[in-house]
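Quick note on the UniProt record's numbering: the sequence shown kicks off at 1 and runs consecutively.
Beneath this line is the structure, given in structure tokens, with notes to follow.
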Amino acid sequence: MRIGLIAIDGCFGSAIASILDIVRVAEGARGEVDPRIDPIELAILGPKRRVTTTSSMTLSVDQPLSESGEFDVVVVPALGTLTAAATNDALQSRDARSVIASLGRLDEATTRIAAACTGVFAVAETGRMHHRRATTSWFLGPEFLKRYPTVALDLDTMVVVDGNLVTAGAAFAHIDLALSLVRSISPDLAQHVAKLLLIDERPSQAAFVAYEHLRHEDPIVVEFERFVRARLDEPFNVAFVAQSLGTSRRTLERRVRAALNLTPLGFVQRLRIERARHLSATTDLTSAEIALRVGYANAETLRSLLRRERRRS
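This is how it looks when you write it as structure tokens:
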């Protein structure tokens, strides 16, 4: 496998480093795991000869972006931004536009595209994700959906594979992305690399999502979140909540889905789990008492939901 790793000025330093290290460890270990595994080659691609990452790491570019089509996989790491506004600005930079144009010219039949974190935005800019599944940084989900409404965004999953597109979640999901690429060559090699580098399996972003930090501007969704947070200990009825907010059930369901990629009930369940975990960590309340405070009459129901979340995460 030939992997082309794109790097531009200001890209996330740890993203580049983690992918480089995992791929190089995989190449070094493949003979020990199975000599029949083909060599894994990695080259840095970029719009200029040298680039500097957010961690002041300077990289020499091996090949120009115009040669991206020569690789089996082209990887787009994080742009190095942490907010929606900064990400949108970064996408307009000269280097980012060069990357987007290069990705748009790739032959989907011969080259896979892999991206993580804000790098997924660059891939989405090409239009290749139209009606495709993808993931990105959980805290930028609302902005992503606003900008690319036709993408089926899955913020729960750490790595999403849809045909020749592979996407991963927030910054350190680059580790999961790199392992996914190695796994596509040899599951045994990926397992060996994970063991050597002490990488735990993390199939989901759900455990890391703090929903109060999700940015969305829909006033109905803002009021819905405020309303249910103040009443997490009460039974949830979406029709009653919609009426209380002066809207219809259908409108509320549509707006919550658009802003958060969740149903109203799904969002309330996530808020209840978030509150339950906080109470468990900061109080001496029993499981039964916590369950009542987050709207469950039966403590076993809450425990079941928590177990389900742990399995997903």
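Note that beta-carbon positions come from the ideal geometry of N, C-alpha and C, so glycine has one too.
DSSP three-state call for residue i: helix, strand or coil?
i, result
"Asp-89", "helix"
"Pro-219", "helix"
"Glu-300", "helix"
"Leu-306", "helix"
"Ile-40", "coil"
"Leu-65", "helix"
"Tyr-211", "Any answer about Tyr-211 is weak, because its pLDDT of 49 lies below 50 and its placement is not dependable; what the coordinates show is given next. Reduced to three states, the DSSP call for Tyr-211 is helix."
"Arg-105", "coil"
"Leu-153", "strand"
"Arg-50", "strand"
"Ile-3", "strand"
"Leu-198", "coil"
"Leu-232", "coil"
"Leu-140", "helix"
"Ile-59", "In the sequence as displayed, the identity of residue 59 is Leu instead of Ile. The answer is strand: DSSP assigns Leu-59 an E or B state."
"Leu-45", "strand"
"Arg-133", "strand"
"Tyr-148", "coil"
"Asp-95", "helix"
"Gly-31", "helix"
"Gly-119", "helix"
"Leu-189", "helix"
"Leu-260", "helix"
"Leu-82", "coil"
What first and last residue would you give for the beta strand (DSSP E) that runs through residue i?
i, result
"Val-76", "73-76"
"Asp-162", "159-162"
"Ser-248", "Looking at the DSSP string, Ser-248 is not in any beta strand (DSSP E), and its letter there is neither H nor E."
"Ser-287", "Where Ser-287 is concerned, there is no enclosing beta strand (DSSP E), although the alpha helix (DSSP H) it sits in stretches over 287-293."
"Arg-112", "112-116"
Can you tell me where the alpha helix (DSSP H) holding residue i begins and where it ends?
i, result
"Ser-180", "173-185"
"Thr-282", "264-282"
"Val-166", "That residue, Val-166, is in no alpha helix (DSSP H); its beta strand (DSSP E) goes 165-168."
"Gly-10", "Counting along the chain, Gly-10 falls outside any alpha helix (DSSP H), and DSSP gives it neither H nor E."
"Gly-127", "Run containing Gly-127: none; DSSP gives neither H nor E here."
Starting from the Cα of residue i, find the closest Cα among the options and give me that residue.
i, options, result
"Val-99", "Arg-147, Arg-226, Phe-240, Glu-67", "Glu-67"
"Thr-110", "Thr-283, Ser-244, Leu-279, Ile-3", "Ile-3"
"Arg-36", "Arg-277, Glu-27, His-130", "Glu-27"
"Lys-48", "Pro-39, Leu-59, Asp-38, Thr-54", "Leu-59"
"Ser-280", "Arg-303, Leu-265, Leu-260, Ser-56", "Arg-303"
"Pro-77", "Asn-88, Gly-10, Glu-70, Pro-142", "Gly-10"
"Thr-53", "Thr-167, Pro-64, Gln-63, Thr-81", "Thr-81"
"Leu-145", "Ala-258, Arg-24, Gln-63, Arg-30", "Ala-258"
"Ile-113", "Val-75, Gly-104, Ser-137", "Val-75"
"Leu-189", "Ala-17, Ala-7, Ile-40", "Ile-40"
"Gln-269", "Asn-237, Leu-103, Asp-38", "Asn-237"
"Glu-108", "Ala-124, Arg-128, Ser-248", "Arg-128"
"Pro-149", "His-131, Thr-136, Leu-106, Ser-137", "His-131"
"residue 381", "His-278, Leu-103, Arg-250, Ser-186", "Residue 381 is absent from the model: the chain starts at 1 and stops at 313."
"Met-57", "Thr-247, Ala-84, Gly-13, Ala-239", "Gly-13"
"Ser-137", "Val-25, Arg-105, Asp-89, Ala-84", "Ala-84"
"Asp-89", "Thr-282, Gly-104, Glu-143", "Glu-143"
Within this structure, are the beta carbons of residue i and residue j separated by less than 8 angstroms?
i, j, result
"Ala-171", "Ala-15", "yes"
"Pro-264", "Phe-227", "no"
"Ala-116", "Ala-168", "yes"
"Ser-287", "Ala-299", "yes"
"Arg-133", "Val-166", "no"
"Ala-178", "Met-158", "no"
"Thr-126", "Leu-140", "no"
"Pro-235", "Gly-163", "no"
"Ile-220", "Leu-252", "yes"
"Leu-42", "Leu-5", "yes"
"Ala-96", "Leu-79", "yes"
"Ile-273", "Leu-306", "yes"
"Gly-69", "Ile-8", "no"
"Leu-91", "Asn-261", "no"
"Ala-29", "Leu-196", "yes"
"Val-182", "Ile-22", "yes"
"Arg-50", "Val-33", "no"
"Ala-239", "Arg-249", "yes"
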